[in-house]
Amino acid sequence: MARRLRIAIDYDRCVGSGICVLTAPHVFEFNDQRQSSVIDPTGDPEELVLEAAHGCPQMAIFVEDADTGERLFPPPGLE
Amino acid sequence: MLVQDDLLAPEVVADPYPYFARLREEDHVHWNQRWGGWLVTRYEDVVTVLRDYERFSADRMASLVLELTPEDRDRLSLLINYFSKWLVFTDPPYHTRVRMLINKAFTPTSVERLRPRVREIVDELLSEVAHRGHMEFIHDFAFHLPVIVISEYLGVPPEDREQVKEWSDETSRIFFIRADEPDRRERSQRGLQHLLEYFEPLIYDRRRHPKDDLITALVQAEERGDLLSHEELLATCTVLIFAGHETTTNLLANGLVALTEHRDQWELLRDNPSLVRPAVEELLRYDGPVKATFRWAKTDTELGGKTIREGDRMLAVLGAANRDPRKFQNPDDLDITRTPNPHVAFGHGIHICLGAPLARLEAQEAFLALSQRFPNIRLADRPREYHRTIVARALKELWVEW
Numbered sequence: 453m454a455r456r457l458r459i460a461i462d463y464d465r466c467v468g469s470g471i472c473v474l475t476a477p478h479v480f481e482f483n484d485q486r487q488s489s490v491i492d493p494t495g496d497p498e499e500l501v502l503e504a505a506h507g508c509p510q511m512a513i514f515v516e517d518a519d520t521g522e523r524l525f526p527p528p529g530l531e
Numbered sequence: 016m017l018v019q020d021d022l023l024a025p026e027v028v029a030d031p032y033p034y035f036a037r038l039r040e041e042d043h044v045h046w047n048q049r050w051g052g053w054l055v056t057r058y059e060d061v062v063t064v065l066r067d068y069e070r071f072s073a074d075r076m077a078s079l080v081l082e083l084t085p086e087d088r089d090r091l092s093l094l095i096n097y098f099s100k101w102l103v104f105t106d107p108p109y110h111t112r113v114r115m116l117i118n119k120a121f122t123p124t125s126v127e128r129l130r131p132r133v134r135e136i137v138d139e140l141l142s143e144v145a146h147r148g149h150m151e152f153i154h155d156f157a158f159h160l161p162v163i164v165i166s167e168y169l170g171v172p173p174e175d176r177e178q179v180k181e182w183s184d185e186t187s188r189i190f191f192i193r194a195d196e197p198d199r200r201e202r203s204q205r206g207l208q209h210l211l212e213y214f215e216p217l218i219y220d221r222r223r224h225p226k227d228d229l230i231t232a233l234v235q236a237e238e239r240g241d242l243l244s245h246e247e248l249l250a251t252c253t254v255l256i257f258a259g260h261e262t263t264t265n266l267l268a269n270g271l272v273a274l275t276e277h278r279d280q281w282e283l284l285r286d287n288p289s290l291v292r293p294a295v296e297e298l299l300r301y302d303g304p305v306k307a308t309f310r311w312a313k314t315d316t317e318l319g320g321k322t323i324r325e326g327d328r329m330l331a332v333l334g335a336a337n338r339d340p341r342k343f344q345n346p347d348d349l350d351i352t353r354t355p356n357p358h359v360a361f362g363h364g365i366h367i368c369l370g371a372p373l374a375r376l377e378a379q380e381a382f383l384a385l386s387q388r389f390p391n392i393r394l395a396d397r398p399r400e401y402h403r404t405i406v407a408r409a410l411k412e413l414w415v416e417w
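Residue numbers (our numbering), protein chains in the order written: chain A, 453 to 531; chain B, 16 to 417.
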């Protein structure tokens, strides 16, 4: 059973690059303002969610284990 | 109406912010007769234009081609062909394909592993000048750092760096709209031609002898066939080398001016090195390297109460948006602790600067080292002159002492 993820977007940082939307299209979607929004944290495998978070040029995506609260992205010191 | 409405007037080149402020308050979507297009100066409108790539195209070559005579189009066909494959001048779906291909190499976590090497280069460059007590910051430091970093990352051998930089500078003549140069398009094309001829054998070499560099990564994408054509590969090499040069230089120089002119902020950074991340964001906002970025309307539309016609040229004035009091408190103050700082110095939307994480890293390391090694650095008593361009905020020289 895949672990549940909590995904948060920092809207002061999100510029709508669209990288996450292209990387994990069933998790992220553009909202009306053309910024990213999470439509379904379970929409794509965890690997793709983390790839999307890594790919964000603005470090605007925060991912943690929803049950343990463990930070999965960004790595310590880089947020 | 505005008394002075010229982007290239001497006082506007020297300090564009009063002009930007007047536009933003008096006519925020403004038809500039001299330039022949719309100047968009409020944060909200700039963000709208840059997010909406369906209404506002970045395809600069499509726009340029319409302005050229058939003879000029023939003469400049090489330039048009390759520039039309530069990420910065393209729309989806081409832009999406190539950006996604290369994005991985420039993410914040990917470039973070370059930090020790960047720190070393900064240290070497500063050690060379430390005993002098003064330097011309641009040519002694700010030119070299980004050139060395992008050359090493891409895979350009050290002995070729200077030459490649010269060609890159030639190529940039069209991009930064040095409006007073009548043959800038031809010179730009010649620079590009040299770069293309330079990269051909390098690409050939990496095909046979792969290395741990970006050219090799791009060659491998090309070899998969469906990812990148040979022309696209060449175009991408040239845009990466080019984009890694001038803008970071200007970020460093403008940043140093801002910090030395706000002594309290310099001392705050000097005494609190951990503030370097927000400090660099604030330097980008306060006086970033790119004043404006180009778009054109793909359709009749409306913006800020004005009717924009299909084909109209537009400048999203980043430097004006970054000082918009509707978005930033005390926008004309330099505050290196400002958080959040949602500036648009790197642009916004799908064209957000690919190299932003690398530029940030270089600037962080540079200002960290400068504030620690030259805590008393000050501007020399010399006039400061900026290049006469619409897009770049670029000093010609910057003399400093310590």
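We treat Cβ as the ideally placed atom computed from N, Cα and C, and that holds for glycine.
Could you check whether the Cβ of residue i sits closer than 8 Å to any heavy atom belonging to the ligand NAP?
i: residue 83 (chain B); result: Looking for the ligand NAP in the displayed structure turns up nothing, as the structure carries no ligands at all.
How should residue i be labelled, buried or exposed, when 16 other C-beta atoms within 10 angstroms of its C-beta is the threshold for buried?
i: residue 497 (chain A); result: exposed
i: residue 19 (chain B); result: exposed
i: residue 301 (chain B); result: buried
i: residue 471 (chain A); result: buried
i: residue 69 (chain B); result: exposed
i: residue 40 (chain B); result: exposed
i: residue 355 (chain B); result: exposed
i: residue 372 (chain B); result: buried
i: residue 97 (chain B); result: buried
i: residue 110 (chain B); result: buried
i: residue 84 (chain B); result: exposed
i: residue 268 (chain B); result: buried
i: residue 185 (chain B); result: buried
i: residue 352 (chain B); result: exposed
i: residue 250 (chain B); result: buried
i: residue 530 (chain A); result: exposed
i: residue 363 (chain B); result: buried
Using a Cβ-Cβ distance under 9 Å, would residue i count as near chain E?
i: residue 496 (chain A); result: Note that chain E does not occur in the displayed structure, where the protein chains are A and B.
Under the three-state reduction of DSSP, which class applies to residue i: helix, strand or coil?
i: residue 507 (chain A); result: helix
i: residue 356 (chain B); result: coil
i: residue 159 (chain B); result: helix
i: residue 495 (chain A); result: coil
i: residue 261 (chain B); result: helix
i: residue 489 (chain A); result: strand
i: residue 91 (chain B); result: coil
i: residue 126 (chain B); result: helix
i: residue 171 (chain B); result: coil
i: residue 103 (chain B); result: helix
i: residue 61 (chain B); result: helix
Name the DSSP bridge partner or partners of residue i?
i: residue 7 (chain B); result: As displayed, chain B neither begins before 16 nor continues past 417, which places residue 7 (chain B) out of reach and without an answer.
i: residue 395 (chain B); result: In DSSP, residue 395 (chain B) forms no bridge with anything.
i: residue 404 (chain B); result: Answer is none; residue 404 (chain B) lacks a bridge partner.
i: residue 136 (chain B); result: According to DSSP, residue 136 (chain B) bridges with nothing at all.
i: residue 149 (chain B); result: B:416
i: residue 458 (chain A); result: A:516
i: residue 52 (chain B); result: B:47
i: residue 329 (chain B); result: B:53 and B:310
i: residue 523 (chain A); result: A:516
i: residue 481 (chain A); result: A:489
i: residue 71 (chain B); result: B:312
i: residue 410 (chain B); result: B:401
For a contact defined as C-beta to C-beta under 8 Å, what are the partners of residue i on chain B?
i: residue 469 (chain A); result: 364, 365 and 367
i: residue 527 (chain A); result: 124
i: residue 517 (chain A); result: Here the premise fails: no neighbours, minimum Cβ distance about 19 Å.
Taking C-beta pairs closer than 7 Å, name the residues in chain A that residue i reaches, listed in chain order.
i: residue 66 (chain B); result: 468 and 486
i: residue 131 (chain B); result: Under the 7 Å cutoff, chain A gives no residues; its nearest Cβ is about 14 Å from residue 131 (chain B).
Give the interface partners of residue i over in chain A, defined as CB-CB distance under 8 Å, in chain order.
i: residue 297 (chain B); result: Ordered by position in chain A, no residue passes the 8 Å Cβ test against residue 297 (chain B), which lies about 14 Å from the chain.
i: residue 111 (chain B); result: 470 and 474
i: residue 150 (chain B); result: Chain A residues near residue 150 (chain B): none, gap ~32 Å exceeds 8 Å.
i: residue 76 (chain B); result: Here the premise fails: no neighbours, minimum Cβ distance about 22 Å.
For residue i, go through chain B and note every residue whose CB falls closer than 9 Å to its CB, in chain order.
i: residue 506 (chain A); result: 119, 122, 123, 124 and 125
i: residue 530 (chain A); result: 123, 124 and 127
i: residue 464 (chain A); result: 354, 355, 356 and 357
List the residues of chain A that residue i touches, going by C-beta distances under 9 Å, in chain order.
i: residue 371 (chain B); result: 509 and 510
i: residue 115 (chain B); result: 471, 474, 475 and 507
- Message: Across the stretch 329-340 of chain B and the stretch 60-75 of chain B, are there enough close Cβ pairs to call them in contact, namely three or more that are closer than 8 Å?
- Response: Touching, yes.
- Are at least three pairs of beta-carbons, each pair with one atom in the stretch 264-282 of chain B and one in the stretch 121-139 of chain B, less than 8 Å apart? no
- Indicate whether the contact test is met: 3 or more Cβ pairs, each with one atom in the stretch 387-404 of chain B and one in the stretch 87-106 of chain B, closer than 8 Å. no
- Item | Cβ contact (3+ pairs, closer than 8 Å) linking the stretch 301-310 of chain B and the stretch 254-274 of chain B | Enough Cβ pairs lie closer than 8 Å, so yes.
- Taking contact to mean at least 3 C-beta pairs separated by less than 8 Å, is the stretch 363-380 of chain B in contact with the stretch 517-525 of chain A? no
- Does the stretch 504-518 of chain A touch the stretch 456-473 of chain A, meaning 3 or more C-beta pairs lie closer than 8 Å? yes
- Message: With three or more C-beta pairs closer than 8 Å as the rule, is the stretch 224-244 of chain B touching the stretch 285-298 of chain B?
- Response: The stretch 224-244 of chain B and the stretch 285-298 of chain B do not touch, with fewer than three beta-carbon pairs separated by less than 8 Å.
- Query: Any chance the stretch 482-500 of chain A sits against the stretch 378-392 of chain B, with 3 or more Cβ pairs inside 8 Å?
  - Reply: no
- Inspect the CB distances between the stretch 217-236 of chain B and the stretch 131-150 of chain B and report whether three or more fall short of 8 Å. The stretch 217-236 of chain B, when compared against the stretch 131-150 of chain B, does not touch it at the 8 Å Cβ threshold.
- Does the count of Cβ pairs from the stretch 335-345 of chain B and the stretch 66-81 of chain B closer than 8 Å reach three? no
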